[in-house]
Every structure is written in structure tokens, then in C-alpha cells.
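Trainee:
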Amino acid sequence: RRKSIIFPVLLAMAVLLPLLTSCKTQESGTTKCKAVYLGIENHKELKTADVRKDGAKIYKFQIGDETRLLAVQNDPEYTIQNKLMEQYNYRITVKGDTVVDVRLLDDMHTSYKPVLTGKPGLKTLKNFLATAFTPVGTALYVWGGNWTWQDEGTSIQGRSLGVSKTWVDFYNSKDDDYFYQDYATPWKSYNHYSGWNQYYYAGIDCSGFVGWTLYNTLESKSGKKEGYVHHSHELAKKLADEYGYGTWTNAKLEQGEGYLQPGDIVSQPGHVWICLGRCSDNSILLIHSSPTKSVTGKYGGGVQMSALNPNGDSTDCEAYRLASYYVQKYYPRWAKRYPAAMKSFEDYVCFDRKAYNGSVGFFRWNLDGTSIMTDPDGYANLSAEQILEDLFKGK
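Just so you know, we're using my numbering here: the sequence shown kicks off at 332 and counts up by one.
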């Protein structure tokens, strides 16, 4: 009796098919493969020099049923590393054991609709503040978020219009136990503890948030070579001195006329934030990206409103009541994880003016038509309560 060869052939095809469909050799000698990027192998044991070294086979990819460690071709801007994001699908081009090109295959469109957003390129104070609300409720705090992989400038996400799908995906993958920095086991942290920025795409840090807001207000197209992400302590001064967009001071602020207006950008030691407005009791409502405590006590947080009380840390102030009301009403899912937070008035306003060689301080837009920003809606003269009422009208 003649033996059937159909089953063995089908079995062989079943084994080979994933490899055949995953990779294809080119005439140039390179191989193109469909792959899932899995991150850097043993990154807890590596130093910056190890990761940036040419030929380092530490980048882990899932290709069909096989997990492979490959090197990545380096260039001065680390172009490939700045496109790689864990658990996303790519078409990679491999030469020998080195990835020489990557193309993202995942559709980066997100169905998430921000509660409030602005219009790219509309350079008004109202639009600047509306734009700042776009990532609220869906972008977690990641130290280095919106910086490049090498931590030296603005990431692709920071130079793109709208909410990044990667922020939404990361937020949806976490819960109220998300902890951005694990001091006991730092390699489990979502920060660049070893000198490279592995999770640049997953969330937003403070300077990444302000830089993204500036880009989405001042630019009308994604992908410009330069962005607006700078070190938090120097951003306010740069906007005045280098960009020429307004004025800067690090003088002591008196609680009176002109004190902390809507749209002011404040660079304090180690942090930067945007003022939403002042309340009648002189408390301040602000918007920023900050790793505040969740309901389970874990430091996660992200883009949100917070309050400053000049009379101490008590929540008995108008700014806190506004932050709490609006987050619960318009961002209930976020509010279940992260209640509105009080921040220290001393730290945020009365900080050491000599810190970082005196580069910390307060930036205010020129709104008289002589610079880039205008204020046809009169937002500079409104209270925090009036601004929120106007922004969220009809929402």
C-alpha cells in the first residue's frame, strides 16, 4: 500500500509558513522580516556605553516563532532606536545580525477622543490652554516621555499633532498600581535610570508635556526636525531669551496685579508647569505632568490639573475645588485612579531663585501683537474659574 505524503507535507508547511511569511531575502543580501520589538535584553545589567555601542546584539525581536537578539545600526541621531517601541509590529531590514531599517506596521490611529483640544497652529492664549488639556486623562507620567531615546531633544511623539496612540495604549495597559519609578528595582521603572530613554513613547514628563503643548499650538504639521522640549529648569528662560516669545523674570512675585497670569510658564528646580489662572482667594490652578499618588498610594500620575494654596497645603481653596470638580465631571476614569492633587506653594512659586545658576523663573507671553502669541479672547484677564467655564462650555 502506498503511503500518503499529504500529512507530512502539510506538517512541514505548517512549521515553515511562519518563517516564510515573516522574512523575505532581498537581492541586496538583506532580509526583510515582520517582527515584534520586545525591548533591550538584560537592560538592568547594561550601562549607556553598552547600549550605544556599535554591534551590540541586545535588541530583542519576535520573528515568527523565534526570539532573536540583534544589533541595531547606529547613527548620530539614533534614528532606528527612536522608532522602536515595545510590543509594536515592524517590518525590519536585517543585514547579517544588524537591523539597518525599521518601518512601523501598526496603525497609529486611535479612536480616543479628547474631552477638550485645541487647533494646531492657532496662536492664541485660549488655544494654548485648550491644547494643554488634550492629553489630560489619558497620558501617564513617564520620566523622559516625549524626549528622544538618547535623551537629548524632542521625540517623534513630541513633534506630532494630537494624542499619541502609544500614550493611550500605555494608559489602558496600566491600573492604579502603576509606579513610574521603582527605587528597589530600578530596571523595572519607566524612566531612563541607565542613561537611555527606553520608554520615551509611553507617556509624558513635565518638560515633554509643555514642549508638546507648545508644538501643537505653534505648529500646524507633524514632523518638524526641531521641537520645544528642553530641560525643565531652563524652558521658561529659553522661550524669552532664545525664541523671543515674551518676557522672563526670576524676581520675587508679589500677590497683586499681574501676579501669575493664565498661560504663564514656570520653570522651577526640577519641574515646569503652565498656569491656568488665579482664583479670588489667590490660590493658583495649574496644568502639568506630575507623578502624583494614585488611590492605592503609588506614584504614577500624569497630565492633570493641580492646585497651589499660598496659605499652606490645605485643600480648602478655590483652585483645589475647581481641579477636583472638573476632573470628576469630565475625566471620571482618571479620577478613579488619581484624585486632584495639592502641590506646595513654597516649592512651585517661592523656590530658590539661584538654583541652576539662576536659570529658573517665570515666562509670560507678549500678547500685544509684537510676537507670536495673541489674546483676542481676553484670557489674560480672566480668573481660573472663568477660563474653565469658557473652555468646557458645551462639553
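Yeah, the Cβ is synthetic: ideal placement off N, Cα and C, and Gly gets one too.
Note that this is a predicted model, so its numbers are computed, not measured.
Could you tell me which residues DSSP puts in a beta bridge with T356?
Mentor: In the DSSP output, where bridge partners are listed per residue, T356 has T362.
Trainee: Look at the Cβ atom of L401, then the Cβ atom of T429, and state whether they are nearer than 8 Å.
Mentor: Taking 8 Å as the Cβ cut-off, L401 and T429 qualify as a contacting pair.
Trainee: Find out if the Cβ-Cβ distance for the pair I535, Y472 is shorter than 8 Å.
Mentor: Yes, Cβ-Cβ distance for I535 and Y472 is below 8 Å.
Trainee: Could you tell me whether the region 668–679 touches the region 642–655, where touching means 3 or more Cβ pairs closer than 8 Å?
Mentor: Yes, since at least three Cβ pairs between the region 668–679 and the region 642–655 fall closer than 8 Å, the two stretches touch.
Trainee: For L415, name the three-state secondary structure that DSSP assigns.
Mentor: L415: coil per DSSP, three-state reduction.
Trainee: At what residues does the alpha helix (DSSP H) containing Y657 begin and finish?
Mentor: Where Y657 is concerned, the enclosing alpha helix (DSSP H) stretches over 649–661.
Trainee: Mind the definition here: the region 578–598 touches the region 501–516 only if three or more C-beta pairs lie below 8 Å; say whether that holds.
Mentor: They do not touch, by the three-pair rule.
Trainee: Quick one: residues in its chain with C-beta nearer than 6 Å to the C-beta of V658, no 5 flanking neighbours on either side, listed in chain order?
Mentor: Here the set comprises A666, A671.
Trainee: Do the region 476–492 and the region 692–704 touch if we need at least three Cβ pairs shorter than 8 Å?
Mentor: Counting Cβ pairs under 8 Å, fewer than three are found: no touch.
Trainee: Which two residues bound the contiguous beta strand (DSSP E) that contains C606?
Mentor: Where C606 is concerned, the enclosing beta strand (DSSP E) stretches over 602–609.
Trainee: Of all the options P466, F459, K426, D437, which has the alpha carbon lying nearest to the alpha carbon of P445?
Mentor: Per the Cα distances, P466.
Trainee: For the alpha helix (DSSP H) that K583 lies in, which residues bound it at each end?
Mentor: Counting along the chain, K583 falls outside any alpha helix (DSSP H), and DSSP gives it neither H nor E.
Trainee: I need the straight-line Cα distance from G476 to A470, nearest angstrom please.
Mentor: Spanning the two alpha carbons is a distance of roughly 10 Å.
Trainee: Going by alpha carbons, who is nearest to A715 out of L415, V367, N413, G608?
Mentor: Closest option to A715, Cα to Cα, is G608.
Trainee: So, under 8 Å CB-CB, Q393 and A366 are touching, yes? Tell me the CB distance rounded to an integer number of Å.
Mentor: That belief holds up - the Cβ atoms of Q393 and A366 are roughly 6 Å apart, short of 8 Å.
Trainee: Using the Cβ count rule (16 or more neighbours within 10 Å means buried), how would you classify G468?
Mentor: By the neighbour-count rule (16 or more Cβ atoms within 10 Å), G468 is buried.
Trainee: Within 10 angstroms of its Cβ, does H564 collect 16 or more other Cβ (buried), or is it exposed?
Mentor: H564 is buried by the Cβ-count criterion.
Trainee: Between which two residues does the alpha helix (DSSP H) carrying E720 extend?
Mentor: Note, E720: alpha helix (DSSP H), 715–722.
Trainee: Taking the beta carbon of A582 as the centre, do at least 16 other beta carbons fall within 10 Å, making it buried, or is it exposed?
Mentor: Its Cβ having fewer than 16 others within 10 Å, A582 is exposed.
Trainee: Let me check understanding here. Comparing Cα to Cα, which of K496, S690, G558 lies closest to A571?
Mentor: Closest by alpha carbon: S690.
Trainee: Look up L453 in the DSSP assignment and say whether it is helix, strand or coil.
Mentor: Correct three-state label for L453: coil.
Trainee: Got a sec, what are the start and stop residues for the beta strand (DSSP E) R422 sits in?
Mentor: It spans 420–426 - the beta strand (DSSP E) in which R422 sits, taken as one unbroken run.
Trainee: By a C-beta neighbour count over all protein chains shown, 10 Å radius and 16 as the cutoff for buried, is H440 buried or exposed?
Mentor: It counts as exposed.
Trainee: Beta strand (DSSP E) containing Y576: first to last residue?
Mentor: No beta strand (DSSP E) contains Y576, which DSSP labels as neither H nor E.
Trainee: Once DSSP output is grouped into helix, strand and coil, what is the label at W543?
Mentor: DSSP places W543 in helix when its eight states are reduced to three.
Trainee: Identify whether V467 lies in helix, strand or coil by the three-state DSSP scheme.
Mentor: Note: V467 maps to coil in three-state DSSP.
Trainee: Quick one, which of G558, K568, D406, T398 has its alpha-carbon nearest L492's?
Mentor: Selected option, being the one with the closest Cα: G558.
Trainee: Given a threshold of 16 other Cβ atoms within 10 Å of its Cβ, counted over all protein chains shown, does A345 qualify as buried or as exposed?
Mentor: Low per-residue confidence applies at A345: pLDDT is 40, beneath 50, and the placement is therefore not dependable enough to give any value.
Trainee: So, do the region 500–511 and the region 626–640 have three or more beta carbon pairs nearer to each other than 8 Å?
Mentor: The answer is yes - the region 626–640 touches the region 500–511, with three or more Cβ pairs under 8 Å.
Trainee: Can you give me the start and stop residues for the alpha helix (DSSP H) that D504 sits inside?
Mentor: For clarity, residue 504 is Ser in the given sequence; the question names Asp instead. Here the alpha helix (DSSP H) through S504 covers 496–504.
Trainee: Would DSSP call R490 helix, strand or coil?
Mentor: Reduced to three states, the DSSP call for R490 is helix.
Trainee: Helix, strand or coil for H374 per DSSP?
Mentor: Reduced to three states, the DSSP call for H374 is helix.
Trainee: Could you check the C-alpha separation between H602 and G709 for me, to the nearest Å?
Mentor: Cα to Cα, H602 sits roughly 28 Å from G709.
Trainee: Starting from G689, trace the alpha helix (DSSP H) both ways and give me its first and last residue.
Mentor: Start and end: 686–689.
Trainee: Are there 16 or more other CB atoms within 10 angstroms of the CB of D396, so buried, or fewer, so exposed?
Mentor: Answer is exposed; the Cβ neighbour count stays below 16.
Trainee: Can T701 and T455 be called in contact, C-beta distance under 8 Å?
Mentor: Not in contact: T701 and T455 (Cβ atoms no closer than 8 Å).
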